[in-house]
Ligand code: G2I
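Numbering (this note's numbering), first residue to last: 17 to 472.
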């Protein structure tokens, strides 16, 4: 028996000891999970992931819609029903009916729920749009608290803050009435959400943060790293991943997923749709997620093409008539092929290191590189030998013309030629045989990178 089936069976067996056998038998019939490998949700679960869809409450009466939803998906995100205008239409008067309907539909069928979204510049009710300053800050925090409290224990992950960074090359915050209450509005929202629902994972969610080289991606990365360093409660990053001709799937997507994950947060693909629904692109997205241990789920932004906010782009996995599209088959196959797909990004220019295990007290460093025309990102893994490390230092000689532009999880000295990299406060201690990672981005080429590690 495969592991997930075994777990489900043992849970069922435990349930049988507590209730009448007939009732339990009926419950098992109703809740019987689809056979592994035959639906998106069951296949994702086999990989320790979820596969979800954005759901609209007013479609739950459409049986063609719910047939697909109930068969294929094991996670649900309310598409609009948890937004600020829906849940607090008048200040202090909360309205949870449509959101509750979706949550109940999902949870009664064993699907998990992602909450979307507690604080956002858009879809604010009129009363909030007209607020500013301290009054708005207080109203926003009250909203976060009330909504997260209402759904406490029912939502596995919240998009606490949505779309707070500007597009374009500046990496700046988006101007909004919330931003104008002070730059700390985001962390204030996360703290309020943690206090209200300590069991939920708290995510920052945004779009156009898929390409690792984009300023917006780097800006979100810098914020999440800062939050982790200062103990602001953040558990996950959501990449919306609305792909189209103007904002295509980037070849470095996997680097983006793994770089966020290396900060110690989960990564979730939260609103996936792809203009034209290329099977190959959907396959790549799934393979990229499976290749990153902390990429723990994918949500598509709607079920059938006709349900999409961009219906004319036919970006989803099911036709408007409910038929499976080639992209569906590609996604299912990718989920069933497991976690070691062929790379979708260009192979590293550096051959895989063949470093022997370090001796007592020593450490080793290996590097993997994602090179594109004109630049690269290097991820360096530091591994302790048979003794724990209490500080480490790595030397890397860069080829002529390569210049470091930024780095993470590390202190550096030197941007060109022989560069020296030392641990930061939170990653100097590495247990015997354990590893930690840091990274840097550089212009130029990465040919022949050969890191050496010394302790202390
Ligand atoms: O815009 C696509 C998504 C981008 N990321 C955040 C998501 O929350 C956002 O979802 C979309 C929904 O898919 C749309 O359904 O957000 C839109 C609003 O920003 C939603 O559109 C709204 C229409 O603007 C309203 O006129 C309409 O009443 O949908 C509402 C309900 O159908």
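A virtual CB, placed ideally from N, CA and C, is assigned to each residue, including glycine.
The structure presented is a predicted model; accordingly, all values stated were derived computationally and were not measured.
key: Local conformation of residue 424 per DSSP, three classes   = Residue 424 carries a strand assignment under DSSP once its states are collapsed to helix, strand and coil.
ask   = Just checking, does the region 308 to 319 make contact with the region 329 to 346 on the three C-beta pairs under 8 Å criterion?
value = yes
query = Between residue 201 and the rest of its own chain, which residues show a CB-CB distance below 6 Å, the 5 nearest in sequence each way excluded?
reply = 194
message = Using only CA atoms, which one of 465, 398, 414, 467 lies nearest to residue 440?
response = 398
request  = Return yes when at least one heavy atom of the ligand G2I lies under 8 Å from the C-beta of residue 317, else no.
outcome  = yes
ask   = Any heavy atom of the ligand G2I within a distance shorter than 8 Å of the CB on residue 203?
value = no
inquiry  = Below 8 Å on the Cβ atoms is my contact criterion, and I expect residue 418 with residue 455 to pass it. Report the Cβ-Cβ distance as a whole number of Å.
reply    = Contact flag wrong, Cβ pair sits at about 15 Å.
request  = Give me the Cα-Cα distance between residue 137 and residue 156, rounded to the nearest whole angstrom.
outcome  = 11 Å
request  = Could you tell me the distance, in whole angstroms, from the CA atom of residue 396 to the CA atom of residue 410?
outcome  = 9 Å
Top-ranked residue by Cα proximity to residue 67, from 102, 453, 93, 113 = The candidate whose alpha carbon is nearest that of residue 67 is 93.
key: Completely contained alpha helix (DSSP H) runs for the region 197 to 264, where each covers 4 or more residues   = Counting only runs of 4 or more, we get 201 to 212, 231 to 246.
message = With DSSP as the reference, identify every bridge partner of residue 469, one or two as the case may be.
response = 410
key: Whole-Å CB distance - residue 102 paired with residue 168, under 8 Å assumed   = No, residue 102 and residue 168 are not in contact; Cβ-Cβ is about 18 Å, not under 8 Å.
inquiry  = In the DSSP output, which residue or residues are listed as bridge partners for residue 162?
reply    = Residue pairing by DSSP places residue 162 in no beta bridge whatsoever.
message = Quick test of the definition: if touching needs 3 or more C-beta pairs under 8 Å, does the region 465 to 472 touch the region 284 to 295?
response = no
request  = In angstroms with no decimal places, state the Cα-to-Cα distance between residue 65 and residue 240.
outcome  = Spanning the two alpha carbons is a distance of roughly 23 Å.
task = Enumerate in chain order the residues of its own chain whose CB-to-CB distance from residue 145 is below 8 Å, with the five nearest sequence positions on each side excluded.
result = 193
Heavy atom of the ligand G2I within 8 Å of residue 174 beta-carbon = no
ask   = Quick one, which of 52, 458, 116 has its alpha-carbon nearest residue 430's?
value = 458
request  = Out of 263, 233, 294, 352, point me to the one whose CA is closest to residue 271's CA.
outcome  = Among 263, 233, 294, 352, the Cα nearest to that of residue 271 is on 233.
ask   = Between which two residues does the beta strand (DSSP E) harbouring residue 131 extend?
value = 128 to 136
query = Apart from the five residues on each side of it in sequence, which residues of its chain come closer than 7 Å, Cβ to Cβ, to residue 465?
reply = Correct list, in chain order: 366, 383, 385, 394, 412.
query = If you run the structure through DSSP and keep just helix, strand and coil, what is residue 331?
reply = coil
task = Look up residue 386 in the DSSP assignment and say whether it is helix, strand or coil.
result = Of the three classes helix, strand and coil, the one that applies to residue 386 here is strand, per DSSP.
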